[in-house]
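Okay, so here's the structure we're looking at.
Chains as they are written, first to last, in the working numbering: chain A, 178 to 326; chain B, 113 to 317.
Structural data, given as structure tokens:
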């Protein structure tokens, strides 16, 4: 048995398994394999003793819910995520608009207008100013003739 | 329902070398109960592997859930010549390696010298490894300085007890390369242990 074969067989033996007579003989004669065996035994013992207890795995229902979330179409997921992220801002914006609406004056402020009516300027005696000046428009028939092709 | 499941389970062991093949085929066809059976069969060993590889019990359930979610989503792409078990372990291993790499980057960002923080608790240098401080704590410290791939190989071999052929199927490494990689991983573990002991001896003098 050569070293390669010996190591391959040894690696495939379960932990704590004894050596076959031929393997034991090889180990006595081969210092490299003896060193290999010491290292293998040391690391195996250390790691098995230091192995951690696994915490309980999630239930299948939890796993299945995670799978459903993961297999959801990306755009749908992105939409729901963005809505979830935007929701507080939308609520805040709505509250702000309501607040502004509540604080705004209910009637228009006339005094604030810069427009001055000509009636107010001219006074009550000048009502003739409101009559249309028809003389500037000219003869309607003449206008019709002029626009014909 | 339970009888039917039991029949499927028994059948699956006779039809092929891979006892999971029928369950995998049924899960691929969209049968949720079949995937649930696969989960029931493998949740404990995968949880153990994940816990021992990442050494962080708080994150283990989430990682296990992510692994099985990945598995479900990749069921259609399972390689026909690869049995389910090594394929599942490969996905779990790769997921944990990604996690460890990310965590290492975060740790480096938080602490520019993470090695220094690991040697704070004294270990009795006169005792053998098995008798020293809680072995779990020791392994945590030793693993902190190992490459994620070395950790994975050691856990697969020493804790999970997988054969070289199974690990080879998982990692895609040849048997010879795998033996060399395992040997080197053990050596690095041993060297790190020696460094730790000498560091503690110096500290105690």
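We put the CB at the ideal spot given by N, CA and C, even for glycine.
Roughly how many angstroms lie between the CA atoms of residue 267/A and residue 138/B, to the nearest whole one? Your numbering for residue 267/A matches position 90 in the first chain. Your numbering for residue 138/B matches position 26 in the second chain. Near 46 Å, if we compare the C-alpha coordinates of residue 138/B and residue 267/A.
Extent of the continuous alpha helix (DSSP H) to which residue 176/B belongs: Along the second chain, one-based indexing puts residue 176/B at 64. Residue 176/B -> alpha helix (DSSP H) spans 172 to 185.
Which residues mark the beginning and the end of the alpha helix (DSSP H) in which residue 205/A is found? The residue given as residue 205/A occupies position 28 in the first chain. From DSSP, the alpha helix (DSSP H) with residue 205/A extends over 198 to 206.
Does the segment 155 to 169 of chain B come close enough to the segment 255 to 264 of chain A that 3 or more CB-CB pairs lie under 8 Å? no
CA-to-CA distance, residue 240/A to residue 270/A, given in whole angstroms: In the first chain, residue 270/A corresponds to position 93, counting from 1. In the first chain, residue 240/A corresponds to position 63, counting from 1. Residue 270/A and residue 240/A: Cα-Cα distance of roughly 37 Å.
Skipping 5 residues on each side, what residues in its chain have a beta carbon closer than 6 Å to that of residue 227/B? Reading the second chain from its first residue, position 115 is the one you call residue 227/B. Low confidence applies to residue 227/B: its pLDDT is 42, below 50, so where it sits in the model is not reliable enough to give any reading.
Which value, in whole angstroms, describes the spacing of the CA atoms of residue 251/B and residue 299/B? In the second chain, residue 251/B corresponds to position 139, counting from 1. In the second chain, residue 299/B corresponds to position 187, counting from 1. The straight-line gap from Cα to Cα measures roughly 14 Å.
Between residue 283/B and chain E, is there a C-beta pair that is closer than 8 Å? Judged by its chain identifiers, the structure shown contains no chain E, and its protein chains are A and B.
If the cut-off is 9 Å on Cβ atoms, which residues from the segment 168 to 191 of chain B count as contacting chain A, listed in chain order? 169, 170, 172, 173, 174, 176, 177, 178, 180, 181, 182, 184 and 185
Using beta carbons (cut-off 8 Å, strictly below), is residue 301/B in contact with chain A? For this step, residue 301/B is matched to residue 189 along the second chain. So, interface residue.
By the DSSP assignment, the alpha helix (DSSP H) with residue 230/A in it spans what residues? The residue labelled residue 230/A in the question sits at position 53 within the first chain. Taken as a continuous stretch (DSSP letters only), residue 230/A belongs to no alpha helix (DSSP H), as it is neither H nor E.
Cβ-based burial, residue 271/B [other Cβ within 10 Å; buried from 16]: Start at 1 with the first residue of the second chain, and residue 271/B comes out as number 159. Its Cβ being crowded by 16 or more others within 10 Å, residue 271/B is buried.
Report the three-state DSSP secondary structure of residue 272/B (helix, strand or coil). Within the second chain, numbered from 1, the residue matching residue 272/B stands at position 160. DSSP places residue 272/B in coil when its eight states are reduced to three.
Assuming residue 146/B contacts residue 135/B (C-beta within less than 8 Å), just tell me the rounded distance between them. Translated into the one-based positions of the second chain, residue 146/B becomes position 34. Translated into the one-based positions of the second chain, residue 135/B becomes position 23. With 8 Å as the limit, residue 146/B and residue 135/B qualify as a contact, their Cβ atoms being about 5 Å apart.
Quick one, which residues of the segment 203 to 224 of chain A are near chain B if we go by CB-CB under 8 Å, in chain order? 213, 216, 217, 219, 220, 221, 222, 223 and 224
For residue 218/A, does the three-state DSSP call read helix, strand or coil? As a first step, residue 218/A is located in the first chain; it is residue number 41 there, counting from the start. Helix at residue 218/A.
By the 9 Å beta-carbon criterion, what residues does the segment 225 to 254 of chain A contribute toward chain B? 225, 226, 227, 228, 229, 230, 231, 232, 233, 234, 235, 237, 239, 240, 241, 243, 244, 246, 247 and 248
Same chain, Cβ closer than 8 Å to residue 157/B, neighbours up to 5 away in sequence not counted: Taking the first residue of the second chain as position 1, residue 157/B is located at position 45. Taken in chain order, the residues that qualify are 272.
Whether residue 233/A touches residue 163/B by CB criterion (8 Å): Along the first chain, one-based indexing puts residue 233/A at 56. Along the second chain, one-based indexing puts residue 163/B at 51. The answer is no: Cβ separation not under 8 Å.
Consult DSSP for residue 179/A and reduce its assignment to one of helix, strand or coil. Here the question's residue 179/A lines up with position 2 in the first chain. Three-state DSSP puts residue 179/A in coil, outside helix and strand.
Is there contact between the segment 251 to 268 of chain B and the segment 203 to 217 of chain B, where contact requires at least three CB pairs shorter than 8 Å? yes
Please tell me whether residue 179/A has its Cβ less than 8 Å away from any Cβ of chain B. As a first step, residue 179/A is located in the first chain; it is residue number 2 there, counting from the start. It does not; no Cβ of chain B falls within 8 Å.
Our contact map puts residue 183/A next to residue 200/A with C-beta atoms below 8 Å; I'd like the distance itself, whole angstroms only. Numbered from its first residue, the first chain carries residue 183/A at position 6. Numbered from its first residue, the first chain carries residue 200/A at position 23. The Cβ separation is near 6 Å, so the contact holds.
Determine, using beta carbons only, whether residue 182/A comes closer than 8 Å to chain B. Within the first chain, the letter at position 5 stands for residue 182/A. Chain B, which has no Cβ nearer than 8 Å to the Cβ of residue 182/A, makes this no.
If you compare alpha carbons, which of 281/B, 144/B, 189/B and 266/B is closest to residue 228/A? By 1-based counting over the first chain, the position of residue 228/A is 51. Among 281/B, 144/B, 189/B and 266/B, the Cα nearest to that of residue 228/A is on 266/B.
Within the continuous alpha helix (DSSP H) that includes residue 192/B, where are the two ends? In the second chain, the residue the question calls residue 192/B occupies position 80. Neither: residue 192/B is in no alpha helix (DSSP H) and is coded neither H nor E.
Taking the alpha helix (DSSP H) that residue 133/B falls in, what are its first and last residues? To locate residue 133/B, count along the second chain from 1; it is residue 21. From DSSP, the alpha helix (DSSP H) with residue 133/B extends over 133 to 140.
Which residue from 143/B, 161/B and 131/B puts its Cα closest to that of residue 106/B? One cannot answer for residue 106/B here, as it falls past the ends of chain B, which runs 113 to 317.
Looking only at its own chain, which residues have a Cβ that is under 8 Å from the Cβ of residue 211/B, when we skip the five neighbours before and after it? Position 99 of the second chain holds residue 211/B. So the list reads 166, 171 and 175, once near-sequence residues are dropped.
Quick one: does residue 155/B have its CB under 8 Å from some CB of chain A? Taking the first residue of the second chain as 1, we reach residue 155/B at position 43. Interface residue, yes.
In chain B, which residues lie less than 8 Å from residue 185/A when you measure between Cβ atoms? Against the first chain, residue 185/A aligns to sequence position 8. The contacting residues are 276, 287 and 291.
According to DSSP, is residue 234/B helix, strand or coil? Sequence index remark: in the second chain, residue 234/B carries index 122 (1-based). Caution applies to residue 234/B, whose pLDDT of 35 falls short of 50 and renders its modelled position unreliable; the value that the coordinates give is listed next. It is coil, neither helix nor strand.
Of the listed residues 250/A, 192/A, 243/A and 237/A, nearest to residue 223/A (C-alpha basis): Residue mapping note: residue 223/A aligns to position 46 of the first chain, counting from 1. It is 192/A.
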